[in-house]
Amino acid sequence: MLVRKNLIRTSVRVLILAVYFTGWFAPATVFAQAAPVVKAAQAKPITDADLKNVAGPKPDDLAKGDPGGALTGTVNDIVVSDSKQGLTLPDLVNMVGQNRIAINFVWTLIAGFLVMFMQAGFAAVETGLCRAKNANHTMMMNFMVYGFGLFAFWVMGFAIQQGGCAPNTNLGGLSPLNSEFTVNFLGGKPWGLFGQKGFFLSGSSYDVGVMVMFLFQMVFMDTATTIVTGAAAERWKFAAFAISTFCLGAIIYPLFGNWAWGGGWLSQLGANYGLGHGYCDFAGSGVVHAVGGLTALAVSMIIGPRIGKYTRSGKPNPMPGHDITMVLLGCFILAFGWFGFNPGSTLGASGAGNLRIGSIAVNTMLAGCTGSFGSLLYMWIRFGKPDASMAGNGLLAGLVAITAPSGFVNTPGAAIIGFAAGMLVCLSVEFVERVLKVDDPVGAISVHGACGLWGVMCVGLFADGTSNYGGSWNGVNGSVTGLFYGDPHQFVAQLIGCATLVGVIFTLAYVLNWVVDVIVGQRVGAASELEGLDLPEMGALGYPEFQLVTLGTGRSVEIAAQ
Numbered sequence: 301m302l303v304r305k306n307l308i309r310t311s312v313r314v315l316i317l318a319v320y321f322t323g324w325f326a327p328a329t330v331f332a333q334a335a336p337v338v339k340a341a342q343a344k345p346i347t348d349a350d351l352k353n354v355a356g357p358k359p360d361d362l363a364k365g366d367p368g369g370a371l372t373g374t375v376n377d378i379v380v381s382d383s384k385q386g387l388t389l390p391d392l393v394n395m396v397g398q399n400r401i402a403i404n405f406v407w408t409l410i411a412g413f414l415v416m417f418m419q420a421g422f423a424a425v426e427t428g429l430c431r432a433k434n435a436n437h438t439m440m441m442n443f444m445v446y447g448f449g450l451f452a453f454w455v456m457g458f459a460i461q462q463g464g465c466a467p468n469t470n471l472g473g474l475s476p477l478n479s480e481f482t483v484n485f486l487g488g489k490p491w492g493l494f495g496q497k498g499f500f501l502s503g504s505s506y507d508v509g510v511m512v513m514f515l516f517q518m519v520f521m522d523t524a525t526t527i528v529t530g531a532a533a534e535r536w537k538f539a540a541f542a543i544s545t546f547c548l549g550a551i552i553y554p555l556f557g558n559w560a561w562g563g564g565w566l567s568q569l570g571a572n573y574g575l576g577h578g579y580c581d582f583a584g585s586g587v588v589h590a591v592g593g594l595t596a597l598a599v600s601m602i603i604g605p606r607i608g609k610y611t612r613s614g615k616p617n618p619m620p621g622h623d624i625t626m627v628l629l630g631c632f633i634l635a636f637g638w639f640g641f642n643p644g645s646t647l648g649a650s651g652a653g654n655l656r657i658g659s660i661a662v663n664t665m666l667a668g669c670t671g672s673f674g675s676l677l678y679m680w681i682r683f684g685k686p687d688a689s690m691a692g693n694g695l696l697a698g699l700v701a702i703t704a705p706s707g708f709v710n711t712p713g714a715a716i717i718g719f720a721a722g723m724l725v726c727l728s729v730e731f732v733e734r735v736l737k738v739d740d741p742v743g744a745i746s747v748h749g750a751c752g753l754w755g756v757m758c759v760g761l762f763a764d765g766t767s768n769y770g771g772s773w774n775g776v777n778g779s780v781t782g783l784f785y786g787d788p789h790q791f792v793a794q795l796i797g798c799a800t801l802v803g804v805i806f807t808l809a810y811v812l813n814w815v816v817d818v819i820v821g822q823r824v825g826a827a828s829e830l831e832g833l834d835l836p837e838m839g840a841l842g843y844p845e846f847q848l849v850t851l852g853t854g855r856s857v858e859i860a861a862q
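Rendered as structure tokens:
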């Protein structure tokens, strides 16, 4: 008992000294979370008895479960040291506020690092699903998405998306990002269109909280831009890819990101017109994946199919990739990175609602599981054998679909969402290839476009009303609730979001990429395409110690050079 008492005393002293010497800040909005303890502002020593007087959760409440984290980690869990100097009420308030900000910073940054690692997964999946003669070119596009896209987002994309997003108390307020361009429309309501602060991260945007937000949003943008490279692989001119990626990172992605996440008009459909909580997209089924998938569709339509993909009668020919093992490894890397993608979108790991990260992580994992099962089952029943590449795409489809509703649904809902996405991706791949006659070597349009739209609608269907992120979402009090749980208005808001994606974002992406095609040309020449883009575009083979030969079946394989 004495050892435990000394340990508690020492721990509290270390915490107080750490707060004092590091100088972490805590805005008044975060201090207010400790208000139940602050009965007065006097600096008298506080004791354990003072905290025990604060009402905590009742046993009956805890027995019902705590899906939102509102009853977990209350003030009654704090133990005060009986140190010689004593811990005062202001000390406690400062300690709680400052430590919460620090925890939120660290959690958001770690989640962003995980999402950045997803780029390796995308590179492996797309390269493996392409033919060996294009491996270097495909890998290089995935690599330079990070370069071109990040630069565009730093110059202007972040400002357009998040320039008017303040406040966000999880990351210290983000007060420098306080200028949104708005117009009055439909009943005189303000419609936010784009942000106006944060260009080059200069001036007042040179702020620690803004930097954390920039890094996290940047890796999401990076995900959206890399989706396009897979759909346009094996015939996309590298110069056109560079310009198109810059446009996506600077204009297309940030615009919809602002409307959904930056305080723009879609997010205000609830506050302005009573449509639930407005457009809700927890981690980006629409903002990231549908935007990337629809842009991929636009680019693929402009550059056309690969040579030999379709017969004269319009029948598609199979053009399998060169390394399915690389594909499946990439899918595992992506699934791991998704634990940063979805749980990290709480932008915090302390305070009301943020403790839901455990539920979000389980929903994410479960939807990926059922997604792979759904696609595997579909292919097995239809073709008599399981298909490894479609199983991988099914995993990704489930993860894409759960991204928007992950913070609003329960586990049965997540399982259903993922399974349906696994089936949907198989149907969509056939529709895109056979009906639209669009060549997509990796299935990116279906995985991210079709399943991204499905995920957006799932919020309006499966949100169960248990989420509690500070008591409101998009400025509307209460929890997000979908059609199956009694709120048809939320379904309408999600439908408007999907219509905007298809009608506005796809059109914008098509027009911008058409302009790029007119100026520099989107597609490589026929001779370069037949040879493979590694040498003509990159100047080096992806596998220089192997040479490509063609078998009597017409299929290309590699053999080791002697």
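Numbering of the sequence shown is given in the working numbering, commencing with residue 301 and proceeding in unit increments.
Backbone N, C-alpha and C define an ideal beta-carbon position, used for all residues, glycine too.
Three-state class that DSSP yields for residue i in the structure shown
i    : result
V303 : Any reading at V303 is ruled out, since the residue's pLDDT is 44, under 50, leaving its predicted position unreliable.
R535 : coil
N777 : strand
S772 : strand
F500 : helix
F546 : helix
P643 : helix
P712 : helix
V742 : coil
P605 : coil
H589 : helix
C751 : helix
C465 : coil
A840 : coil
L695 : helix
D623 : coil
G722 : helix
L736 : coil
G832 : coil
Identified DSSP bridge partners for residue i
i    : result
K489 : F485
F494 : F481
L610 : Contrary to the premise, residue 610 reads as Tyr rather than Leu in this sequence. Bridge partners of Y610: P616.
D764 : T781
R823 : W536
Rounded separation between residue i and residue j - CA only
i    : j    : result
R313 : L761 : Any reading at R313 must be qualified, since the residue scores a pLDDT of 48, below 50, and its modelled position is unreliable; the value itself is stated next. Taking the straight line joining both Cα atoms gives about 50 Å.
A598 : K537 : 15 Å
S567 : C631 : 32 Å
V588 : Y553 : 7 Å
M601 : T595 : 10 Å
G775 : A560 : 13 Å
F443 : T427 : 11 Å
R682 : A688 : 14 Å
G698 : M440 : 27 Å
R535 : A721 : 29 Å
L628 : L634 : 10 Å
V737 : H748 : The question names Val, but residue 737 in the sequence shown is Lys. One C-alpha to the other measures close to 18 Å.
A524 : G495 : 20 Å
G743 : G842 : 22 Å
L555 : G803 : 14 Å
W773 : A701 : 20 Å
G668 : G718 : 6 Å
Exposed unless 16 or more other CB atoms sit within 10 angstroms - verdict on residue i
i    : result
N484 : exposed
A827 : exposed
K339 : Note that K339 scores a pLDDT of 40, beneath 50, so its modelled location is shaky; the value from the coordinates is reported in the next line. Per the 10 Å Cβ criterion, exposed.
S504 : exposed
A840 : exposed
P643 : buried
Y506 : exposed
K615 : exposed
F405 : buried
F500 : exposed
L753 : buried
P844 : exposed
V818 : exposed
F448 : buried
Distance cut-off 7 Å: residue i Cβ against heavy atoms of the ligand GDP
i    : result
G786 : The ligand GDP is not part of the structure shown, which contains no ligands of any sort.
Restricting to runs no shorter than 3 residues, where is the beta strand (DSSP E) found entirely within the region 781-817? none
Output the residue ranges of the beta strand (DSSP E) runs that lie fully inside the region 390-458 and measure 3 residues or longer, sorted by chain position. none
Which complete alpha helix (DSSP H) runs does the region 555-584 hold, if anything under 4 residues is left out? Within the region 555-584, the complete alpha helix (DSSP H) runs of at least 4 residues are 569-573.
Entirely enclosed alpha helix (DSSP H) segments - the region 632-686, minimum 4 residues: 657-683
Would you mind listing the alpha helix (DSSP H) stretches within the region 507-533 that are 4+ residues and don't spill past its ends, in chain order? 508-531
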